[in-house]
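Here the sequence shown is numbered in our numbering, starting from 1 and rising by one per residue.
A virtual CB, placed ideally from N, CA and C, is assigned to each residue, including glycine.
Since this is a predicted model, take the numbers as computed values, not measurements.
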Amino acid sequence: MRLNSIFFRPSQMVAIILACGYAVAAFAAQGETTSATASPFVRPPELERDILFWQRVYTEAGTDGGFIHDDAYLDVVYERLTFSADISSAARAKRVDAAKDKYAAILRKLAGGTDGLTAEEQRVRDLWPKSASRNTLVAAAGRVRFQLGQANRFKEGLVRSGQWRPQIQKIFERQGLPTELAALPHVESSFNPYAYSKVGAAGMWQFMRSTGRRFLRIDSSVDERLDPYKSSEAAASFLKQNYSILGKWPLALTAYNHGPAGMRRAVDRLGTDDIAVIVREYESRTFGFASRNFYLAFLAALEIDNNPEKFFGGIRRDAQDNSQAFVLPDYMPMPTLVAALRADTEQLKRLNPSLLPAVWSGSRRVPRGFELRAPPTIDLSQALARVPSSERHASQVVDTQHRVQRGETLSTIATRYGVSQARLAELNTLRQPYRLRVGQALLLPQTSSTPIAIVAEQPRVPGVVAVTQEPRLAAGESSRRYIVRRGDSVSRIATKHGLSEQALMQLNNIKQSDFIYEGQVLALDAQTAGAEPAQPVITPTPAVVAAASQSAPVTEAAEPTSQREAEDFGPTLVPGAQTADSADPSDYAVGDDNAIRVEATETLGHYAEWLGVSAARLRELNNMSRQRPLIVGRRVRLDFSRLDHATFEARRSAYHRQLQDDFFAQFRIAGSDVHKVKAGDSIWVIAQKRYNVPIWLLRQYNPDVDLEALRPGTAITIPRIEPVTVDATRTETAASGGAR
1 MRLNSIFFRP
11 SQMVAIILAC
21 GYAVAAFAAQ
31 GETTSATASP
41 FVRPPELERD
51 ILFWQRVYTE
61 AGTDGGFIHD
71 DAYLDVVYER
81 LTFSADISSA
91 ARAKRVDAAK
101 DKYAAILRKL
111 AGGTDGLTAE
121 EQRVRDLWPK
131 SASRNTLVAA
141 AGRVRFQLGQ
151 ANRFKEGLVR
161 SGQWRPQIQK
171 IFERQGLPTE
181 LAALPHVESS
191 FNPYAYSKVG
201 AAGMWQFMRS
211 TGRRFLRIDS
221 SVDERLDPYK
231 SSEAAASFLK
241 QNYSILGKWP
251 LALTAYNHGP
261 AGMRRAVDRL
271 GTDDIAVIVR
281 EYESRTFGFA
291 SRNFYLAFLA
301 ALEIDNNPEK
311 FFGGIRRDAQ
321 DNSQAFVLPD
331 YMPMPTLVAA
341 LRADTEQLKR
351 LNPSLLPAVW
361 SGSRRVPRGF
371 ELRAPPTIDL
381 SQALARVPSS
391 ERHASQVVDT
401 QHRVQRGETL
411 STIATRYGVS
421 QARLAELNTL
431 RQPYRLRVGQ
441 ALLLPQTSST
451 PIAIVAEQPR
461 VPGVVAVTQE
471 PRLAAGESSR
481 RYIVRRGDSV
491 SRIATKHGLS
501 EQALMQLNNI
511 KQSDFIYEGQ
521 VLALDAQTAG
531 AEPAQPVITP
541 TPAVVAAASQ
551 SAPVTEAAEP
561 TSQREAEDFG
571 PTLVPGAQTA
581 DSADPSDYAV
591 GDDNAIRVEA
601 TETLGHYAEW
611 LGVSAARLRE
621 LNNMSRQRPL
631 IVGRRVRLDF
641 SRLDHATFEA
651 RRSAYHRQLQ
661 DDFFAQFRIA
671 GSDVHKVKAG
681 DSIWVIAQKR
691 YNVPIWLLRQ
701 YNPDVDLEAL
711 RPGTAITIPR
721 IEPVTVDATR
731 TETAASGGAR
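If you want it as structure tokens, here you go:
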């Protein structure tokens, strides 16, 4: 639906002009206090009335009420509802539905004419310009929406923000980002580190698990999405990546909700990066109410955050967190640590929200390397000295079973424990399609032959190519190369090929022995170490087509779909509910010309399997000889005689999603650097020889750079990756001790 501007009656125009003048003045004052230069967060005049609507949501109505409004023209508010404290959710939903039906009926009547109107009908008609056509009013009848108020939550968030906001601003400043971004948690969670949304987003910054795993540790002991500091670092990295791709903060912020790939599509389709045009005119199944309003809600929250007294009177923010942090040298039971620290358990829980219930109950140990926070009055050296050697462990407690939580799948559970989905299904006699119920107890394997910290066996998700044999090297390539397979380790590869572990690492510029990944090409001698390999040929299995067709297309987890969800919808208005692919800026969509842009790791064999045609047919369609390789970033035409675009896109996305899930089960992004291309550089030299990152990840950080035709002086963004710290071995039980 294209949202064009509408005309207003003179009285409405006066109100809008006054409101705009106030907002501009407030924004100018904000600019004086935050920066001497122009704000990077433009406030388009044509979107001012939408921003003012979100200010009303955040400051006028609490969660005991809300607004019945038009979801396209937000300043058209039909009624403000207020609910009694003792009303049930069912009764509340019924009342909201009745109000929506009432105004939809009035609008339909108005579309038929204005003779004999009641006072209420005339009031509704006056909300629209006199020039509003019959079609305009009919369309409005289908757009009546309810928005829950957030004033009480926003005020609580202002108070809470004092604990972490100064440190968050430092984190953003350190990464070279605007410090105004520290206000974004008002939109996401009201600065609540424990916030969970109905779609699975968690923490102050509302990361979905799939996006969070790119930057954070998420396993059965720790969920760093709940850590205010770690998650803020991750949010800064994610926003920085979005900005490097999109170039403007309105787009980068909207991409926090909609994904950078989605925003690039919007820019390409409309031919503009003007956020006002995109908000009003971009039409997409996934660009819903939440994405459309995300940046506007941020602008409203930013103004309130900078001028809280104007909206709420006196606000006394919480004192800044002054806890101290220390890194645990061993695995330790929490009851032992509480006793050694002589601290209050509830206070430690507040300071360490990322530790999951299993750790606090003592069924799992606080992991080695965990950064534990404690009150500033505790002498940490003395406290650690009080931990007996019998309570210092070299590994984690073995898990015997897992209790299924809401939103979990067999795949996510298998990934959490470092086992394959097939093994977990076999142990629990589960058959496809795997259906789990909340509270169900799943048995877990008691041992793991492969250290999870090196390369864990990952679950095989339907619709994904599973490489079960060593990939073939391209014709003419030296046999003194090895392509890393699932389950490999540096030690295993070195031993197999008669090398020392140190020699293999030096040949391939590997800084840490656990820093290898599936598909990586390793040189096995000095001669091949200096040569660039051809791309390995990986043939997808026939099972891919049947399984991948079951993969659902990616959809936006946006505004609530039912009225009750709207009323109960978490602590925030517009959730940062990233989809499984939202951190991936690659565009897997098919163009109108039946062509796609080639992504790293893809082959004609993949396309042929996903389409149900032969690779020879695709070579013929693109005038390609058998010797001519696919070039990453170039476009190829496809044959859709047997398949529709949507199914192909789902299969393609599923393949890349599994590839990335496998990688981010082992590694996370710790930041990024800039590399200036030098003479003689190639994408392979930069990615695998110099920085040891997958080419597909390098491409995600540089989607508009032709990596196959690099020129000296070109700036390339390099993601810094590091191994995920996980509970590496599961070889002892809680009763066995296992002391060091």
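Is the stretch 403-412 touching the stretch 420-437 in the sense that three or more CB pairs, one from each, lie closer than 8 Å? yes
Assuming Ser747 is part of the beta strand (DSSP E), what are its boundary residues? The requested residue 747 does not occur in the structure, where the chain is confined to residues 1 to 740.
Residue closest to Val77, alpha-carbon to alpha-carbon, out of Gln666, Ile68, Phe83 and Ser84: If you number the sequence shown from 1, residue 77 lands on position 77. Per the Cα distances, Ile68.
Among Glu180, Val598, Lys230 and Arg392, nearest to Ala325 - alpha-carbon criterion: As a position in the sequence shown, residue 325 is number 325, starting the count at 1. It is Lys230.
Distance, Arg153 Cα to Lys349 Cα: On the sequence shown, position 349 is the one that residue 349 refers to. On the sequence shown, position 153 is the one that residue 153 refers to. Lys349 and Arg153: Cα-Cα distance of roughly 22 Å.
Can you tell me which of the three DSSP states Gln401 falls into? Residue numbering aside, residue 401 sits at position 401 when the sequence shown is read from its first letter. Note: Gln401 maps to strand in three-state DSSP.
Tell me, please, whether the stretch 637-649 touches the stretch 611-618 by the rule of three or more beta-carbon pairs shorter than 8 Å. With a cut-off of 8 Å on Cβ pairs, the stretch 637-649 is in contact with the stretch 611-618, counting three or more such pairs.
First through last residue of the alpha helix (DSSP H) which encompasses Ile493: Position 493 of the sequence shown holds residue 493. Run containing Ile493: Val490 to Lys496, per the alpha helix (DSSP H) assignment.
So Tyr417 packs on Leu443, CB below 8 Å; how close in whole Å? Translated into the one-based positions of the sequence shown, residue 417 becomes position 417. Translated into the one-based positions of the sequence shown, residue 443 becomes position 443. Not confirmed; about 11 Å, so no contact.
Give the DSSP bridge partners of Ser672, in chain order. Residue numbering aside, residue 672 sits at position 672 when the sequence shown is read from its first letter. The partner list for Ser672 (beta bridge, DSSP) reads Pro719.
Thinking C-beta only, is Met332 closer than 8 Å to Glu391? Mapped onto the sequence shown, residue 391 falls at position 391. Mapped onto the sequence shown, residue 332 falls at position 332. Yes.
Do the CB positions of Gln700 and Pro629 come within less than 8 Å of each other? The residue labelled residue 700 in the question sits at position 700 within the sequence shown. The residue labelled residue 629 in the question sits at position 629 within the sequence shown. Cβ distance not < 8 Å, so Gln700 and Pro629 don't count as in contact.
Can you list, in chain order, the residues of its chain whose CB lies under 6 Å from that of Glu722, leaving out five sequence neighbours each side? Within the sequence shown, numbered from 1, the residue matching residue 722 stands at position 722. Once the five neighbours on either side are set aside, the close Cβ partners of Glu722 are Ala670.
Grouping DSSP H, G and I as helix and E and B as strand, with all else coil, what is Leu522? Reading the sequence shown from its first residue, position 522 is the one you call residue 522. Strand at Leu522.
Close Cβ partners of Thr572 (< 8 Å) along its chain, the five nearest in sequence each way excluded: Locating residue 572 in the sequence shown gives position 572, where the first residue counts as 1. Here Thr572 scores only 45 on pLDDT, less than 50, and its place in the model should not be relied on; the value that follows carries that caveat. Cβ within range, chain order: Gln150, Arg153, Val187, Glu188, Ser189, Ser190, Ala195, Ser197 and Gln206.
Whole angstroms is fine: what's the gap from Phe287's alpha carbon to His258's? What you label residue 287 is simply residue 287 of the sequence shown in a count that begins at 1. What you label residue 258 is simply residue 258 of the sequence shown in a count that begins at 1. Roughly 7 Å separates the two Cα atoms.
For Pro193, which residues of its own chain have a beta-carbon under 7 Å away from its beta-carbon, when the five flanking residues on both sides are left out? Start at 1 with the first residue of the sequence shown, and residue 193 comes out as number 193. These residues qualify, in order along the chain: Gly203, Met204, Leu226, Pro228 and Pro353.
Do Asp639 and Arg617 come within 8 Å of each other at the CB atom, strictly closer than that value? The residue labelled residue 617 in the question sits at position 617 within the sequence shown. The residue labelled residue 639 in the question sits at position 639 within the sequence shown. In contact: Arg617 and Asp639 (Cβ atoms closer than 8 Å).
Residues near Ala339 in its chain [Cβ-Cβ closer than 7 Å; skip 5 each side]: By 1-based counting over the sequence shown, the position of residue 339 is 339. If we look at Ala339 and ignore the five residues flanking it on each side, it has no Cβ neighbours.
State the DSSP-derived secondary structure class of Ile315, mapped to helix, strand or coil. As a working mapping, residue 315 is identified with position 315 in the sequence shown. Coil, per DSSP.
Coarse secondary structure for Asp227, derived from DSSP in three states: Position 227 of the sequence shown, counting from 1, holds the residue named residue 227. Note: Asp227 maps to coil in three-state DSSP.
Give the secondary structure of Asp50 by DSSP, where H, G and I count as helix, E and B as strand, and everything else as coil. Here residue 50 refers to the residue found at position 50 of the sequence shown. For Asp50, the secondary structure class from DSSP, reduced to helix, strand or coil, is helix.
First through last residue of the alpha helix (DSSP H) which encompasses His69: Within the sequence shown, the letter at position 69 stands for residue 69. Element bounds for His69: not the alpha helix (DSSP H) but the beta strand (DSSP E), Gly65 to Asp70.
Within its chain, find whatever has a CB closer than 7 Å to the CB of Leu47; leave out the 5 residues flanking it on each side and keep chain order. Working through the sequence shown from its first residue, we reach residue 47 at position 47. Excluding residues within five positions, the ones whose Cβ falls inside 7 Å are Ala276, Val279 and Leu296.
When the Cα atoms are used, what is the spatial distance from Gln627 to Arg619? Walking along the sequence shown from the start, residue 627 turns up at place 627. Walking along the sequence shown from the start, residue 619 turns up at place 619. Going from the Cα of Gln627 to the Cα of Arg619 covers about 10 Å.
Alpha-carbon spacing of Glu173 relative to Lys155, whole angstroms: Numbered from its first residue, the sequence shown carries residue 173 at position 173. Numbered from its first residue, the sequence shown carries residue 155 at position 155. Each residue's alpha carbon lies about 25 Å from the other.
Note down, in chain order, each residue of its chain lying with its Cβ closer than 7 Å to the Cβ of Ala182, except the 5 sequence neighbours on either side. The residue you call residue 182 lines up with position 182 of the sequence shown. So the qualifying residues of the chain are Arg165, Ile168, Gln169 and Phe172.
So, Val674 versus Ala715, is the Cβ gap smaller than 8 Å? Position 674 of the sequence shown, counting from 1, holds the residue named residue 674. Position 715 of the sequence shown, counting from 1, holds the residue named residue 715. Yes.
Do Val590 and Arg668 have their C-beta atoms within less than 8 Å of each other? Indexing the sequence shown from 1 puts residue 590 at position 590. Indexing the sequence shown from 1 puts residue 668 at position 668. For Val590 and Arg668, no; Cβs fall outside 8 Å.
What does the alpha-carbon distance come out to for the pair Ala105 and Ala141? Counted from its first residue, the sequence shown places residue 105 at position 105. Counted from its first residue, the sequence shown places residue 141 at position 141. Approximately 7 Å, taken between the alpha carbons.
Can you tell me where the alpha helix (DSSP H) with Val96 in it begins and where it stops? Here the question's residue 96 lines up with position 96 in the sequence shown. Note, Val96: alpha helix (DSSP H), Ser89 to Ala111.
Suppose you measure from the CA of Val598 to the CA of Asp525; what does that come to, to the nearest Å? Taking the sequence shown and counting its residues from 1, one reaches residue 598 at position 598. Taking the sequence shown and counting its residues from 1, one reaches residue 525 at position 525. Distance between the alpha carbons of Val598 and Asp525: 31 Å.
Assuming the contact rule is C-beta atoms closer than 8 Å, Leu137 and Leu110 should be a hit. Round their C-beta distance to whole Å, please. As a working mapping, residue 137 is identified with position 137 in the sequence shown. As a working mapping, residue 110 is identified with position 110 in the sequence shown. 5 Å between Cβ atoms; contact.
Reduced DSSP category for Val359 - H, G, I as helix; E, B as strand; rest coil: Walking along the sequence shown from the start, residue 359 turns up at place 359. DSSP places Val359 in helix when its eight states are reduced to three.
Label Ile87 either buried or exposed according to how many other C-beta atoms from any shown protein chain fall within 10 Å of its C-beta, with 16 as the threshold for buried. Start at 1 with the first residue of the sequence shown, and residue 87 comes out as number 87. Exposed, since its Cβ has fewer than 16 Cβ neighbours within 10 Å.
Rounded straight-line distance, which links the Cα of Leu380 to that of Gly262: Indexing the sequence shown from 1 puts residue 262 at position 262. Indexing the sequence shown from 1 puts residue 380 at position 380. The alpha-carbon atoms of Gly262 and Leu380 are separated by roughly 48 Å.
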